[in-house]
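Residue numbers (the numbering used here): 20 to 482.
In C-alpha cells form, the structure reads like this:
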C-alpha cells in the first residue's frame with residue numbers, strides 16, 4: 020500500500036489545525052462559549068418553495084448505498100470492502116446511467132423506491148461530499164498543511180458543520196436560520212416561523228434573530244379544549260385563560276415563562292387550524308420517518324393558511340453509526356429511508372407540489388472503505404441524495420471516487436476518503452433555487468469561493 024496517514028494521525032492533524040485556528044481567533048474544541056454568529060445580508064425572492072433536510076444521524080455507510088457495478092470498479096469495491104461487500108447480483112441497477120469514466124452503478128437492494136425515483140429522473144446523487152474549508156490534497160494532509168474542518172471524524176462537530184456550513188468555526192446558527200432572519204425579521208408572535216423542525220432543537224434553523232417551530236408527526240403541541248359545551252370543558256378553558264392572563268411583574272422568570280407559553284399556544288392554535296383538515300393522499304408506512312414526512316407534506320400544502328411562501332423542514336433519522344452489525348442494520352434503515360422518500364414524493368406529485376419542494380439528505384460523515392471486522396469506522400467523504408421535481412435526476416454529481424486503497428489520491432489512510440465536493444457547492448445550488456441571488460451566495464457560504472472559482476453544482480437544479 021502506498022504511503023497513507025493513519026486514523027490516529029488524521030485525528031492528530033485535526034487537533035493541529037484546531038490549534039492553528041485558535042491562534043487566528045477561531046475557537047478550538049475546548050473553547051467556550053461558541054463565537055457569536057454574525058448577521059448575513061440576504062434579499063430572497065418571495066416564492067412558494069420548501070427545502071426538506073433529512074439528517075442521517077451517525078454516519079451513513081454510503082459506499083454500500085451507491086456501488087459501482089462495471090466489472091473493474093466492482094472488483095475494487097469487493098476486494099476492499101471484504102466481508103461487507105454486497106453481491107453484485109443483488110444491487111438495483113441505475114438504468115441507462117454511466118459516468119465520465121464509463122462506470123455503471125447500482126443501489127443497495129433495500130432501496131427500490133429510490134431506484135425508481137432515480138430512473139424517473141426525480142432524484143440525483145451527489146458523490147464524495149462533506150463539509151470542507153478548502154480543497155484538500157493527500158500530500159497536504161501528509162505534511163500537515165491541510166486546512167481541515169474542526170473536529171474531523173467527530174460526530175458532534177461534523178453534525179454541526181453540516182448544519183452551519185462553516186467548518187472552520189463552531190457557531191450556533193445555520194443557513195436555514197439566515198433565511199428566516201431575512202424573510203421574517205418582524206414576525207408577529209402568532210405567526211408560525213418559516214423553519215419547522217420535527218427533531219426538536221437544532222442549529223440549522225437557528226438564525227441570529229430567528230428560531231424554529233417544533234412539531235411532532237402528530238402536529239403542533241398545545242392545549243385544545245373540546246368544543247362541546249360541557250361544564251368540565253368550560254372550567255378547563257376558563258382555568259387556562261386565567262393562567263395565560265396572569266401578571267407576574269415582580270417575577271421576571273415567571274413573566275418570561277408565561278410570555279413563551281402564550282406565544283406557543285397562539286402558534287399552536289394557528290398551526291392546528293391551518294393543517295387539521297388538510298388531506299395528504301397516498302399511504303405512509305408506520306415508521307417515524309414516514310409519518311414525519313406525511314406531516315411535512317401536510318404543512319407544505321397548508322402554506323397559504325399558515326401565511327408562508329417559503330418553508331424549511333429539519334428531520335433527524337438516528338442510528339447510522341454502524342461500527343458493528345453493519346449489513347443487517349444498514350439494510351433495515353435504508354429500507355425505512357427509501358420507503359419514506361418514495362411515499363413523500365408520490366404525495367407531493369399527487370398534490371401538484373413536486374416543483375415546489377426539494378428534499379436532500381446529509382450525514383455526519385462517510386465511513387471507511389475498510390471493514391473493522393463487522394462494521395466500519397468514521398470517515399470523511401460520502402454520498403448523499405437530492406430529490407424533487409426541479410432536480411435534474413437520473414445523474415450523479417460531483418466525482419465518485421476510486422474505491423481502491425493502493426495508489427488512490429483521495430485515500431487519506433485506512434479507507435478514509437478525502438471529499439472532492441464541498442457541502443457549500445450543494446447548498447449554494449439549493450439556496451439559489453430557494454431565492455438567494457447568485458451574488459449573495461458567498462456571504463451565506465463564506466468558503467464557497469475556494470471551490471471551482473466559487474461555483475456551485477451547476478446543472479443539479481433545473482433553471
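Ideal Cβ placement from N, Cα and C applies to all residues, glycine included.
DSSP on residue 432, reduced to helix/strand/coil?
strand
With a cut-off of 8 Å on the beta carbons, I'd call residue 372 and residue 398 a contact; round off their distance for me.
The Cβ separation is near 36 Å, so there is no contact.
Considering only residues of the same chain and omitting the five flanking positions on each side of residue 146, which have a CB-CB separation below 6 Å?
402, 415, 417 and 419
Between which two residues does the alpha helix (DSSP H) containing residue 90 stretch?
90-100
Counting only runs that start and end within the region 172-246, where is the alpha helix (DSSP H) found for 4 or more residues in a row?
174-183 and 194-202
For a test of the three-state rule: what should DSSP assign to residue 382, helix, strand or coil?
strand
Starting from residue 470, trace the alpha helix (DSSP H) both ways and give me its first and last residue.
Residue 470 -> no alpha helix (DSSP H), and no H or E assigned at all.
Rounded Cβ spacing between residue 238 and residue 306 (contact assumed at less than 8 Å):
The pair is not a contact, with the Cβ atoms about 18 Å apart (cut-off 8 Å).
If you count every other CB in all the chains shown that lies within 10 Å of the CB of residue 430, and 16 or more means buried, which is it?
buried
When DSSP labels each residue in this structure, what does residue 341 get in the three-state scheme?
coil
Can you tell me where the beta strand (DSSP E) holding residue 147 begins and where it ends?
142-149
Can you give the Cα-Cα distance for residue 178 and residue 106, rounded to whole angstroms?
31 Å
Pairwise C-alpha distance: residue 250 and residue 223:
45 Å
Over the uninterrupted alpha helix (DSSP H) stretch that includes residue 443, give me the two end residues.
442-453
Considering only C-alpha positions, which residue in the set 123, 327 and 138 is nearest to residue 211?
327
In the structure shown, what three-state DSSP assignment does residue 402 receive?
strand
Quick check on residue 344: buried or exposed, where buried means 16 or more other Cβ atoms within 10 Å of its Cβ?
exposed
Do residue 154 and residue 168 have their beta-carbon atoms positioned less than 7 Å apart in this structure?
no
Residue 421 classed as buried or exposed, judged by whether at least 16 other C-beta atoms fall within 10 angstroms:
buried
Using three-state DSSP, classify residue 155 as helix, strand or coil.
coil
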